[in-house]
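Protein chains in written order, with the working numbering: chain P, -6 to 296; chain R, -6 to 296. Backbone N, C-alpha and C define an ideal beta-carbon position, used for all residues, glycine too. A short worksheet on the structure shown next.
2 protein chains.
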Amino acid sequence: MVYSVIGTGAIGGYYGGRLANAGNEVHFLLHRDYEHVVRNGLQVDSVSGSFHLDDVLAHKSPDSMPKSDVVLVCLKTVNNALLGELLPPLLKEDTLVLLIQNGIGVEADVQAMFPGVSLAAGLAFICCAKNEPGHVNHQCFGSINIGNYSCPDQSRVDALLADFVAAGIDAHLVSYDEARWRKSVWNMPFNGMTVVMQAQTDALLANPSMRALIKEQMLEVIHAARHLGVTGIDDGFADSMIEMTLAMTPYSPSMKLDYEFHRPMEIDYLYSRPISIAREAGFEMPKLSMLEAQLRFLEEKNL
Amino acid sequence: MVYSVIGTGAIGGYYGGRLANAGNEVHFLLHRDYEHVVRNGLQVDSVSGSFHLDDVLAHKSPDSMPKSDVVLVCLKTVNNALLGELLPPLLKEDTLVLLIQNGIGVEADVQAMFPGVSLAAGLAFICCAKNEPGHVNHQCFGSINIGNYSCPDQSRVDALLADFVAAGIDAHLVSYDEARWRKSVWNMPFNGMTVVMQAQTDALLANPSMRALIKEQMLEVIHAARHLGVTGIDDGFADSMIEMTLAMTPYSPSMKLDYEFHRPMEIDYLYSRPISIAREAGFEMPKLSMLEAQLRFLEEKNL
């Protein structure tokens, strides 16, 4: 299968890099890092085994990229409008587009832009960052849950999963809605609260009042999901997410990095969409709604 | 009537100062400002008319103060444990203690310390600050709502009210519970949110998401009060408090000043008590509970 990666940041560099390192044909769309990667290749420092790609199939524009069997979209969702230009050159009849992005409602919007295209969601449980050009630093975890959104042929999703697993990635098939809501249990509290409180995950959890609040916010997500018919996430998942986070090195989620570098935050898909989807179904998420408002306020001052 | 003021900060200096300026006998308990006030008197710069008191009845200790008909307690509530030492020298059989303090539950705790003493609540709607020794700056508003908590003789509260009015203070008698909850409608959103968002009142209200959140928090207070049987505060009061705040000069509430100067914040009486009183009656205040947790987190880092 021919793979393409749109958005070669930490996520695109890591998962695309692993696929290429395992021998797959992977084309990378690069922007600021293009010259560096062409000259120096792509370096992935990883707790699961570091590697270096010497000859990267690097592209400055999607026009030089091949029609692809699988496209990994690893942009920040705030840039998804760019897909209108970036995606069409890569599409053929049976292309599967895997959106490795955070939040709720992403596929619905991309599907509206590309009505006939097969979409799947990729939810990455991973701590990684790209702090220099062409250099990905993978600190912990690394699994990815893949859920089929609109691909009529499940065997194509299965084939994608098999390539991920063969490349040494801890990948799992899950139901689409559960995949997105399950990831939101961690994302919604920690992304926003690390921004508003200007603290990393470990500092938040060290304070008993804050730890209780984080758990309440997690339960808001779990109960919203249940209200919407996503029954696979039990209340105990909140405690296990907190335990997992306690075991992590102190971490700044992507939204905190976006805020610190004065980049747009993914408030729409991480907060506004799930909150409004739940509200339309009659379920309020008061604490995460408050967090959304606090983030809107900070964003206005920050950009 | 003989008046005493415990806690000659902005509030004690302003209301006590007005009473003294109108010719009442008012004794002031001073701490850091004592020497300055003995030498220079007390200066009140006020939008309602500035004045200077040359000969202030200043005291360093309650032991030199007279038994008083009325004691104005103008301490921050975080210092209320001091009342165990400060109040007894001033008490006679019919002393009325007016607690001009923020929050919910203050009188219940002071009553437990002094079971037989007559208490009333004073809720000041005022923007004022003491930025230098012996110098109060009153920027806007100035009214005070007085509610009888445990004075068996209402005529003593009426007499106090008459003295306040005669001194040029816009004072009103209201029912005790309504007085405290009505003030909390402004206090609970703005005190905490100006701290957490590191912004003054005007900046908060200039952002549409934040303004909506502030109103939702105000409605939490109004609905909690209604659930507790305080029926005099209708939903429209939230809008009128927002309109009033928009008309104010940009303002840092006392909790924001406390935070900036690394002093303890009045989280207990402003947040924890009303939230737990409402919860015990079956009413949740989710957004203000979240704010309480955020303040606990910041306080731990700040002190």
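Residues that residue i contacts on chain P, provided the C-beta gap is smaller than 7 Å
i	result
Glu293 (chain R)	Asn200
Asn283 (chain R)	Per the sequence shown, the amino acid found at residue 283 (chain R) is Met instead of Asn. Within 7 Å Cβ-Cβ: Leu206, Lys280, Met283.
Phe183 (chain R)	Per Cβ cutoff of 7 Å: no residues; Phe183 (chain R) is ~14 Å from chain P at best.
Start and end residues, beta strand (DSSP E) containing residue i
i	result
Gln132 (chain P)	128 to 141
Val19 (chain R)	18 to 22
Lys123 (chain P)	111 to 125
Ser168 (chain P)	Careful: Ser168 (chain P) lies outside any beta strand (DSSP E) and carries neither H nor E.
Ile(-1) (chain P)	-5 to -1
Val90 (chain R)	89 to 92
Leu46 (chain R)	44 to 46
Leu50 (chain P)	50 to 52
Val158 (chain R)	It is not in any beta strand (DSSP E) - Val158 (chain R) instead sits in the alpha helix (DSSP H) that spans 147 to 159.
Val66 (chain R)	63 to 66
Contacts of residue i in chain R (Cβ-Cβ under 8 Å)
i	result
Gln287 (chain P)	Val189, Met190, Met203, Leu206
Phe107 (chain P)	What Phe107 (chain P) touches in chain R: nothing, since even the nearest Cβ is about 31 Å away.
Phe44 (chain P)	None at all; the shortest Cβ gap to chain R is about 40 Å.
Proximal chain P residues relative to residue i, where beta-carbon distance stays under 9 Å
i	result
Pro59 (chain R)	Neighbours of Pro59 (chain R) on chain P: none; closest Cβ ~44 Å, over 9 Å.
Cut-off 6 Å between Cβ atoms - residues of its own chain near residue i, not counting five sequence neighbours on either side
i	result
Arg175 (chain R)	Ile226
Asn138 (chain P)	Leu116, His165, Val167, Ala172
Phe299 (chain P)	Nothing can be reported for residue 299 (chain P): it is not among the residues displayed for chain P, which extend from -6 to 296.
Leu12 (chain R)	Tyr(-4), Val19, Ala160
His128 (chain P)	Gln36
Phe44 (chain P)	Asn14, Val37
Leu212 (chain R)	Ala231
Ser136 (chain R)	Phe118, Asp163
Buried or exposed by the 16-neighbour rule on C-beta atoms within 10 Å, applied to residue i
i	result
Leu239 (chain P)	exposed
Val63 (chain P)	buried
Lys69 (chain R)	buried
Met106 (chain P)	exposed
Glu273 (chain R)	exposed
Ala205 (chain P)	exposed
Val40 (chain P)	exposed
Lys85 (chain R)	exposed
Gly77 (chain P)	exposed
Thr224 (chain R)	exposed
Pro267 (chain R)	buried
Met237 (chain R)	exposed
Val158 (chain P)	exposed
Arg289 (chain R)	buried
Gly0 (chain R)	buried
Asp87 (chain R)	exposed
Ser57 (chain P)	exposed
Glu125 (chain R)	exposed
Under 7 Å by beta carbon: chain R residues contacting residue i
i	result
Phe276 (chain P)	Neighbours of Phe276 (chain P) on chain R: none; closest Cβ ~13 Å, over 7 Å.
Opening and closing residue of the alpha helix (DSSP H) in which residue i lies
i	result
His255 (chain R)	No alpha helix (DSSP H) holds His255 (chain R); DSSP gives it neither H nor E.
Ser39 (chain R)	That residue, Ser39 (chain R), is in no alpha helix (DSSP H); its beta strand (DSSP E) goes 35 to 39.
Val71 (chain P)	First-last for Val71 (chain P): undefined, no H or E at that position.
Phe290 (chain R)	279 to 295
Leu12 (chain R)	3 to 14
Ala105 (chain R)	99 to 106
Leu271 (chain R)	Note on identity: in this sequence residue 271 (chain R) is Ala, with Leu being the wrong assignment. Counting along the chain, the alpha helix (DSSP H) containing Ala271 (chain R) begins and ends at 266 to 273.
Ser233 (chain R)	229 to 240
Met203 (chain P)	201 to 220
Inter-residue CB distance, residue i and residue j (contact presumed, cutoff 8 Å)
i	j	result
Ile97 (chain P)	Ser177 (chain P)	6 Å
Met278 (chain P)	Ala271 (chain P)	6 Å
Thr187 (chain P)	Lys249 (chain P)	4 Å
Gln210 (chain P)	Leu291 (chain P)	Contact doesn't hold; Cβ gap of about 17 Å is too wide.
Cys120 (chain R)	Met241 (chain R)	6 Å
Contact set for residue i: own chain, Cβ-Cβ below 7 Å, skip 5 residues either direction
i	result
Ala51 (chain R)	Phe21, Leu23, Tyr27, Val30, Val31
Phe230 (chain P)	Val178, Ile215
Asn295 (chain R)	Tyr252, His255
Tyr169 (chain P)	Ala114, Gly140, Asn141, Tyr142
Thr194 (chain P)	Phe183, Thr187, Thr238, Met241, Pro243, Tyr244
Pro59 (chain P)	Val(-5), His20
Pro55 (chain R)	Leu22, Leu79, Pro82, Leu83
Contacts around residue i, its chain only, beta-carbon distance under 8 Å, and the 5 residues preceding and following it disregarded
i	result
Cys144 (chain P)	Leu89, Ser111, Leu112, Ala113, Val150
Asp47 (chain R)	Gly34
Gln104 (chain P)	Val110, Leu112, Tyr142, Ser143
Asn180 (chain P)	Asn95, Gly96, Pro246, Leu263
Listed by chain order, chain P residues near residue i by CB distance under 8 Å
i	result
Phe254 (chain R)	Per Cβ cutoff of 8 Å: no residues; Phe254 (chain R) is ~19 Å from chain P at best.
| message | So if I threshold CB-CB distances at 9 Å, which residues from the stretch 215 to 231 of chain P count as touching chain A? | response | Of the chains in the structure shown, none is chain A; the protein chains are P and R.
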